[in-house]
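Q: Dropping the structure in here first, questions after.
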Amino acid sequence: ALENEVNRLTEVDKIAAEAVAISRSLHTEVQNLRVEQRRFKNENARWKAQALGDPRAAVRYWAEKSLGFGRQATARERGRL
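All the letters of the sequence shown, read from the start, carry residue numbers 1 to 81 under our numbering.
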């Protein structure tokens, strides 16, 4: 009976370890997708601003978006760009 319990717990441990590995893998994949999504958003913002015709505004708009400031950037944050 004890040997059966040890075998069962060993199996449970293997399954748990596999679940943790899958969870970490999914977390990494989600992080990679978020980075890629941000990159696409930044590209889109830059092209959109360039289409408006002012290259400096395009760069500023792209930089603010990439730094996550958006329209709510404070004067100090804008100064860092």
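Ideal Cβ positions, reconstructed from N, Cα and C, are used throughout, including at glycine.
1. Quick check on LEU52: does DSSP put it in helix, strand or coil?
2. How many angstroms separate the CA atom of TYR61 from the CA atom of ARG24?
3. Within a Cβ cutoff of 8 Å, which residues of the same chain sit near ALA19, ignoring the five residues on either side of it in sequence?
4. DSSP three-state call for ALA1: helix, strand or coil?
5. Kindly say whether LEU52, judged by its beta-carbon, lies nearer than 7 Å to any beta-carbon of chain B.
A: The answer reads as follows:
1. coil
2. 34 Å
3. none
4. coil
5. Within the model displayed, chain B is absent; a lone protein chain is all it includes.
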